[in-house]
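Using my numbering, the first residue of the sequence shown is number 14, and each one after it goes up by one. Here a beta-carbon is modelled for each residue, glycine too, at the ideal position from N, C-alpha and C. Note that this is a predicted model, so its numbers are computed, not measured.
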Amino acid sequence: MKIAIAADHGGFEMKETLKAHFAAQNMPLDDLGTFSDESVDYPDFAHKMADYILQKKADLGILICGTGIGISIAANRHKGIRAALVYNEFAAQMAKEHNNANIIVFGGRTMNAADVVKYCHIFLNSTFQGGRHQNRIHKIEQEC
Ligand code: RB5
Numbered sequence: 014m015k016i017a018i019a020a021d022h023g024g025f026e027m028k029e030t031l032k033a034h035f036a037a038q039n040m041p042l043d044d045l046g047t048f049s050d051e052s053v054d055y056p057d058f059a060h061k062m063a064d065y066i067l068q069k070k071a072d073l074g075i076l077i078c079g080t081g082i083g084i085s086i087a088a089n090r091h092k093g094i095r096a097a098l099v100y101n102e103f104a105a106q107m108a109k110e111h112n113n114a115n116i117i118v119f120g121g122r123t124m125n126a127a128d129v130v131k132y133c134h135i136f137l138n139s140t141f142q143g144g145r146h147q148n149r150i151h152k153i154e155q156e157c
């Protein structure tokens, strides 16, 4: 499983923590930036990640901004992207089992790193249930 990560300045520190965690587990992440805590625009990183996932350069994306809200909104503008803002253990499990999210999103200023690491592993250890949930995903993909 190939995982990519990107953040704005509000998520930079969390991104570095997650990168170090996954590297220690022998699962290096593709880092799409940002590369410092200098102010940047979160949509740039949402779009970069969405293109990366849609081009199948990674199986899963992790996005982080200050709250996780802006970068989720931007990523979900892309058809085929299901970016889930994960905020507790149940949401981490459901984001995979029901939503088959291809991007998981966190708030760098609203969550702590230990919880975010836990949510990542819950997501990675869960399985999409398909069936009625696949039908609902098809409905998301219909033009509005
Ligand atoms: C940047 O200051 C902040 O607005 C951004 O990280 C994010 O929280 C937006 O939703």
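Asked                                                                                                                                                                            : Found
When the cut-off is 8 Å and only beta carbons count, does residue 144 lie next to chain C?                                                                                       : Annotation note: the requested chain C is absent from the structure, which comprises a single protein chain.
For residue 92, tell me which candidate among 79, 81, 107 and 115 has the shortest Cα-Cα distance.                                                                               : 115
What three-state label does DSSP hand residue 159 in the structure shown?                                                                                                        : Limits of the chain in this structure are 14 at one end and 157 at the other, which puts residue 159 out of reach.
Rank 137, 84, 50 and 39 by C-alpha distance to the C-alpha of residue 120 and give the top, closest one.                                                                         : 84
Tell me the DSSP secondary structure of residue 118 in three-state form.                                                                                                         : strand
Just checking, does the stretch 17-24 make contact with the stretch 47-56 on the three C-beta pairs under 8 Å criterion?                                                         : yes
To which residues of the same chain is residue 110 closer than 6 Å at the C-beta, ignoring the five residues directly before and after it?                                       : 139 and 142
Residue 126: which of 31, 14 and 18 sits nearest, CA to CA?                                                                                                                      : 31
For the stretch 61-85, which segments carrying the alpha helix (DSSP H) assignment without a break, of at least 4 residues, lie completely within its bounds, in sequence order? : none
Kindly give me the distance between the Cβ atoms of residue 17 and residue 71, rounded to whole angstroms, as I take these residues to be in contact under 8 Å.                  : 4 Å
If distances are taken between C-alpha atoms only, which option among 153, 29 and 148 comes closest to residue 96?                                                               : 153
How about residue 89 and residue 150: are their beta carbons less than 8 Å apart?                                                                                                : no
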